[in-house]
Structures are given as structure tokens and as C-alpha cells.
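At position 58 of the sequence shown the residue is numbered 45 (the numbering used here), and the sequence of numbers has no breaks.
For every residue, glycine included, the Cβ atom is placed at its ideal position computed from N, Cα and C.
Written below as C-alpha cells is the structure these notes are about.
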Amino acid sequence: MPASVEPVKGRWYYHPQTGRRLQVTWVDKGTELVEACDENGHTEFYPQAEWHALELEPQTDAPLLGEPRRDLSNEEYRRATGWAEKSPDDFPDG
-12 MPASVEPVKG RWYYHPQTGR RLQVTWVDKG TELVEACDEN GHTEFYPQAE
38 WHALELEPQT DAPLLGEPRR DLSNEEYRRA TGWAEKSPDD FPDG
């Protein structure tokens, strides 16, 4: 049985009973709540006692979700999608 682990903001944990991976996104020491988000973006709040009862395993690597999300400027988007090379002649009148 895995030992109880303290929630650390930004760290990923694996729950072997459900196969879910959770990332702690917020810890409130005042109310003793832990907010965690799974790989699908589903967010849940856990009281500290419930968090410790989950028997989670700390993960040293994050899931393969790609690069951290960032907003692209209009010009970066146009280049990435090929829109920078389009001309008005590429579109039918309409």
C-alpha cells in the first residue's frame, strides 16, 4: 500500500485503483482543500483527509500532453497554418 503523500502544486500523481493521473493545481491550507485536474481536464476538489486516503503515487514525469499551452500571435498562427502564403485569389468570390 503506497504511503500517504502531501499534495504539491504542479506535481502529478497516479491513482493505481482507477488508472487516473492527477495534477495538483491548487492547495488551500486554510480550508484544507486540494484542487486536482486529470489528463482530460476534469477538475475535482478533495478535502485533505480524502486526498490522503486516495493512496496516490507521485510521478516524476508529466503525461505526454505536448508543450505547455500558449497563445499564438496572429502572425504566428498564419505561418503555422499556411495562411501567410494565401492570397485573395486562393478564395472563390462569394
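In terms of Cβ geometry, W(-1) and Q46 form a close pair [threshold 8 Å].
The beta-bridge partner set that DSSP reports for Q10 consists of W(-1) and C24. Here E44 carries a strand assignment [DSSP, helix/strand/coil].
Scanning S(-9), V(-8) and L9 for the CA closest to the CA of D48 turns up L9.
Rounded to whole angstroms, the gap between the alpha carbons of H39 and D25 is 17 Å.
In the DSSP assignment, E19 falls outside any beta strand (DSSP E) and carries neither an H nor an E.
Residues of the same chain with a CB within less than 7 Å of the CB of Q35, apart from the 5 flanking positions on each side, are E19 and V21 in chain order.
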